[in-house]
Amino acid sequence: MSVLTFKRKNTDTLGNLVKDPALLTSVIVIWMFLALFVLFPIFKILSIAFTEGGHFELSGLLKILGKKYTHIAAWNSILLGTLVGICGTALGFFFAFTAVRANLSKSWSRLLDWAIILPLISPPFTMAITVIFSFGPRGLITYNLLGLEHFEVYGMWSTLFAETITYFPISYITLKGILGGIDPTVEDMAFSLGSSRWDVFRKVTFPLSTSGLANSFLLLFAASLADFATPLILAGNGFPLLPTEAFLQITGLFDMKGGAILSFILLIPSLAVFFLQRYWVGRRNLVTITGKSGSQTKFKSVGNKTRYLFLFICLLTVLFILYFYILLLYASMIEAFGANNTFTLTHYKAIFTRGREVIKDTLIISISGMLLGGLYGVVVGYITAKKKFFSRKFMEIVAMINYALPGTIVGIAYLIAFNKRPIILTGTALIIIFCNVSKYGANGIRSTVAILQQIHPGIEEASVSLGASSIYTFRRITVPLILPGLFSGLGIVFIRSMTAISAAIFLVSLNWNLITVSILENMTELHLGVSAAFSVFVVITVFIVITGISFVLKSLRQPGALRITSLFGA
Amino acid sequence: MKSVNIKLENLTKTYIHQLKGKISAVNGVSLEVEPGELLTLLGPSGCGKTTTMRMLAGFEEPDSGKVFIGSEDVTDQMANQRDIGFVFQNYALFPHLSVAENVAYGLKVRGVDRNEIGRRVDEALQLVKLEGYQEQFPHQMSGGEQQRVALARAIVIKPKVLLLDEPLSNLDAKLRISTRGEIRRLQKALSISTLYVTHDQEEAMAISDRIIVMNHGDIIQIGTAEELYYNPKTEFVAKFIGAINAIPSKIVSSSDEEAVADIEGEKFKVRNFRKNVKPGDSADVLLRPEAVRLKEVNPESKIKGTVVERAFLGDRVDYTVAAESFTIKVSLYDSFGQVTFKCDQEVEIILDEKRMKILER
Numbered sequence: 001m002s003v004l005t006f007k008r009k010n011t012d013t014l015g016n017l018v019k020d021p022a023l024l025t026s027v028i029v030i031w032m033f034l035a036l037f038v039l040f041p042i043f044k045i046l047s048i049a050f051t052e053g054g055h056f057e058l059s060g061l062l063k064i065l066g067k068k069y070t071h072i073a074a075w076n077s078i079l080l081g082t083l084v085g086i087c088g089t090a091l092g093f094f095f096a097f098t099a100v101r102a103n104l105s106k107s108w109s110r111l112l113d114w115a116i117i118l119p120l121i122s123p124p125f126t127m128a129i130t131v132i133f134s135f136g137p138r139g140l141i142t143y144n145l146l147g148l149e150h151f152e153v154y155g156m157w158s159t160l161f162a163e164t165i166t167y168f169p170i171s172y173i174t175l176k177g178i179l180g181g182i183d184p185t186v187e188d189m190a191f192s193l194g195s196s197r198w199d200v201f202r203k204v205t206f207p208l209s210t211s212g213l214a215n216s217f218l219l220l221f222a223a224s225l226a227d228f229a230t231p232l233i234l235a236g237n238g239f240p241l242l243p244t245e246a247f248l249q250i251t252g253l254f255d256m257k258g259g260a261i262l263s264f265i266l267l268i269p270s271l272a273v274f275f276l277q278r279y280w281v282g283r284r285n286l287v288t289i290t291g292k293s294g295s296q297t298k299f300k301s302v303g304n305k306t307r308y309l310f311l312f313i314c315l316l317t318v319l320f321i322l323y324f325y326i327l328l329l330y331a332s333m334i335e336a337f338g339a340n341n342t343f344t345l346t347h348y349k350a351i352f353t354r355g356r357e358v359i360k361d362t363l364i365i366s367i368s369g370m371l372l373g374g375l376y377g378v379v380v381g382y383i384t385a386k387k388k389f390f391s392r393k394f395m396e397i398v399a400m401i402n403y404a405l406p407g408t409i410v411g412i413a414y415l416i417a418f419n420k421r422p423i424i425l426t427g428t429a430l431i432i433i434f435c436n437v438s439k440y441g442a443n444g445i446r447s448t449v450a451i452l453q454q455i456h457p458g459i460e461e462a463s464v465s466l467g468a469s470s471i472y473t474f475r476r477i478t479v480p481l482i483l484p485g486l487f488s489g490l491g492i493v494f495i496r497s498m499t500a501i502s503a504a505i506f507l508v509s510l511n512w513n514l515i516t517v518s519i520l521e522n523m524t525e526l527h528l529g530v531s532a533a534f535s536v537f538v539v540i541t542v543f544i545v546i547t548g549i550s551f552v553l554k555s556l557r558q559p560g561a562l563r564i565t566s567l568f569g570a
Numbered sequence: 571m572k573s574v575n576i577k578l579e580n581l582t583k584t585y586i587h588q589l590k591g592k593i594s595a596v597n598g599v600s601l602e603v604e605p606g607e608l609l610t611l612l613g614p615s616g617c618g619k620t621t622t623m624r625m626l627a628g629f630e631e632p633d634s635g636k637v638f639i640g641s642e643d644v645t646d647q648m649a650n651q652r653d654i655g656f657v658f659q660n661y662a663l664f665p666h667l668s669v670a671e672n673v674a675y676g677l678k679v680r681g682v683d684r685n686e687i688g689r690r691v692d693e694a695l696q697l698v699k700l701e702g703y704q705e706q707f708p709h710q711m712s713g714g715e716q717q718r719v720a721l722a723r724a725i726v727i728k729p730k731v732l733l734l735d736e737p738l739s740n741l742d743a744k745l746r747i748s749t750r751g752e753i754r755r756l757q758k759a760l761s762i763s764t765l766y767v768t769h770d771q772e773e774a775m776a777i778s779d780r781i782i783v784m785n786h787g788d789i790i791q792i793g794t795a796e797e798l799y800y801n802p803k804t805e806f807v808a809k810f811i812g813a814i815n816a817i818p819s820k821i822v823s824s825s826d827e828e829a830v831a832d833i834e835g836e837k838f839k840v841r842n843f844r845k846n847v848k849p850g851d852s853a854d855v856l857l858r859p860e861a862v863r864l865k866e867v868n869p870e871s872k873i874k875g876t877v878v879e880r881a882f883l884g885d886r887v888d889y890t891v892a893a894e895s896f897t898i899k900v901s902l903y904d905s906f907g908q909v910t911f912k913c914d915q916e917v918e919i920i921l922d923e924k925r926m927k928i929l930e931r
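Just so you know, the protein sequences line up as chains W and F, in that order. Residue numbers are given in the working numbering: position 153 of the first sequence equals residue 153, and the series is strictly consecutive. Add 570 to a position in the second sequence, counting from 1, and you land on the number used in the working numbering.
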């Protein structure tokens, strides 16, 4: 019967909306939000790209499409995305395999988890800054250690390196879930049939994780395609990329149309990857999580020697990551990196005096975005996963659009959409908050849906059968069970509001500025110490908030309640 | 509270399956549960029994047809307005609530006053023999205990209708038997009109006042356990209720109610319920394993076979015997007094002519 009852979702009718006024109200409110903050900006960016003086006109698009520079930028973006996808997935698989298969002790795997989380919670160009500190013309490694003068750090390789280190944790989390989901008895079975360790890996473990690898590749490809901060600092003039070109078109040349067209070109591969990930890879997951924890067998797929080798390589990478962060801390506490190494706290003084307003703005925007975005994620996740109503499928897709689009596009779209009547939001905090909610709130939708999938539908039906209304059921049964999803959603919106730049850079103003944008400004003005101090501040704040949320999540774990394994659970 | 009857009229439900297209899960099912009766829907998985029950509960909307509880037409009511108690296959206990809170849930929804809630929760837990478990959480309990909490939660609200969807399928064999006894005792004591869904024929026979056998979304037969066992209408029912042998035969002659069937050269006069049976046709003659006897072979033996399997089950011994043109299952009771047979032993097979029948397929 399970197959049949599962299909109940197919009956999305208008009738359900009429019967349930609470649902009707939520659906209307959500659609108003989505129409205003997702569809309208996208519509505006497309209409600017495709019209000229109110008429449909392709000449502007064709002109930019015909430019050689555009071809190079598009090609570079795709090349970089592919390389980051491959390198990051390889590194992520290596880490995930070690974490899941090498029988690590609890403290070791916790260390791995925490070190890997660092790049995820840092401002996106932290890695770029530290790469320059290490390998730049005055870099610690290139200049001080190796004595190389005028080392050219800018270009594809450094960008690839920084992005790989920044994004491989996404791959790690995805693949850890997949590898951890493979029942060890399946491998035991292969051993019992006479396979060697290598055979088991080649013929069982690896084939079972291919969908996870494809998924990871697509996620990293999309992340790299969307990354704006790293190439802005590291790519240099010789390696133009689409998001940075769109940014320079708008801020440098004040050419809104050109920026819109460039970001439209970026939109195509982004959406392609999004739908590929969603409808192809997402459905080909071979690993089923049954929830049975009967088999207590140990993993035997890694021999002792291999185990130590893997651990050694992982540790080396972890140390490398830690080195970058220590370097960041160091740079924030000396006069001038590469020139004057005397200890000082002036940079911190600067960010807490001159930078106080920026910190205040950032915290206000992040906290309000967090509250709104957390609520948004849970409500949208709940009604799209659990309710049957007309337009449900469409809502599910629209709610994911801003999440899937590179921040540059969303930022430009908002800039174009909200600086003229009927809705003028430019210069306000609201424009940044709504942007963050519509873009990062989607994480909350995903974690809520993931949790809801673990809750058997019978539990809610049981409540209804006992006479409870749908609101009462939601309040007394569903909410307590999906609280972990809410908190993880809150956490992500906060972290991203604190760290993201690609969309926000178009939306900041004299009244409302953000730390990430200040870091970039200070970088370009060569106030590296201040940039470093700001970065350290962000990393520490986010770290505190994450720890707080993890603590809340732990204490919320009422008996039998469902767990959310990772704040960044893919 | 006075028991009410439940009536389903011509319920139909189709689903769209991604691969198979339109599937008709329930085709115009009509049935009536008498006041205080326990009626069971029995059938293989996918036969439409759960869908039928879910339409009665209000979890599924029928494509057509009507649902009555008492004299009230509840077809358009939501599940929470129908005053039902539902016990789910996986219990669906609220994992974040204690046993007492789980049981109290429906009473709170109904705005029952707090002291009254406490009293009724204790009473319900007493009924299912879980006194003292109030503060426990579901995950701290065994499957059988969780099952009883689910039952207490369903009956504490004194529903007009009790619906049980395969409530025993997650329990081990012994617990299944004792729990079904408890369910039956409670249901009788409270005299609640009850619909019970299961795919286990033994469970259905043990617990029900009447049983409905379903297949492919249709009702095949309604009756008491005895009626279904002794007078099945079709081969499907005969095979689904209890074990039965289908012995291949050739029809020699036939009339409306009787046929002469040839089994390995022996002629048997059997009751015939199949239409259009003509001499020369092949037909399976149905016979329960306990209607077959075995004897040591002797020169007069007619149908002979060899024992290929033997299982000693305490109260009886089950044999599988291979004759020349068929294999037959035989159950011999009273193992104390009986001669027993060994594997590979040649035996005479004695078929009870009076209990043989040919049914519609």
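Note that CB positions come from ideal geometry on N, CA and C, so glycine has one too.
Distance CB(residue i)-CB(residue j) smaller than 8 Å
i	j	result
W/Tyr167	W/Ala223	yes
F/Val847	F/Lys839	no
W/Ala504	W/Lys44	no
W/Ile412	W/Ala246	yes
W/Leu242	W/Val358	no
F/Arg780	F/Ile790	no
F/Gln704	F/Leu697	no
Contact set for residue i: own chain, Cβ-Cβ below 8 Å, skip 5 residues either direction
i	result
F/Arg925	Leu857, Arg858, Ala861
W/His150	Pro137
W/His55	none
W/Leu218	Gly85, Val273, Leu276, Gln277, Val281
W/Val27	Leu17, Ile383, Phe389, Ser391, Met395
Reduced DSSP secondary structure (H/G/I, E/B, other) of residue i
i	result
F/Pro818	strand
F/Ala662	coil
F/Gln791	strand
F/Phe911	coil
F/Val678	The residue asked about is misnamed: residue 678 of chain F is Lys in this sequence, not Val. Of the three classes helix, strand and coil, the one that applies to F/Lys678 here is helix, per DSSP.
W/Met256	helix
W/Met588	A query on residue 588 of chain W cannot be resolved here, the shown segment of chain W reaching from 1 to 570 and no further.
F/Val644	coil
W/Thr499	helix
W/Thr344	coil
F/His786	coil
Alpha-carbon to alpha-carbon, residue j and residue i
i	j	result
F/Asn575	F/Gln716	29 Å
F/Leu756	F/Glu602	21 Å
W/Ser211	W/Phe93	12 Å
F/Arg880	F/Asn815	16 Å
F/Glu693	F/Ser712	21 Å
W/Pro240	W/Asp183	45 Å
W/Lys349	W/Tyr323	24 Å
F/Val822	F/Leu902	30 Å
W/Gly238	W/Thr126	22 Å
W/Ala35	W/Ala102	49 Å
F/Gly618	F/Glu805	19 Å
F/Ile593	W/Phe389	22 Å
Cβ shell of residue i (< 7 Å), same chain only, five flanking positions each side left out
i	result
W/Phe135	Ile141, Thr142, Phe151, Val153, Ser158
W/Thr478	Tyr382, Glu460
Proximal residues to residue i (C-beta, below 6 Å), its chain only, five neighbours per side dropped
i	result
W/Lys9	Unreliable positioning characterises W/Lys9 in this predicted model, as indicated by a pLDDT of 39, which lies under 50. The coordinate reading is nonetheless provided below. Around W/Lys9: no qualifying Cβ.
Entirely within the region 110–193 of chain W and at least 4 residues each: give me those alpha helix (DSSP H) ranges in chain order. Every alpha helix (DSSP H) stretch that sits fully inside the region 110–193 of chain W and reaches 4 residues is listed by chain position as 126–135, 156–181, 184–192.
Alpha helix (DSSP H) segments (min. 4 residues) lying fully within the region 380–446 of chain W: Correct list: 392–404, 407–417.
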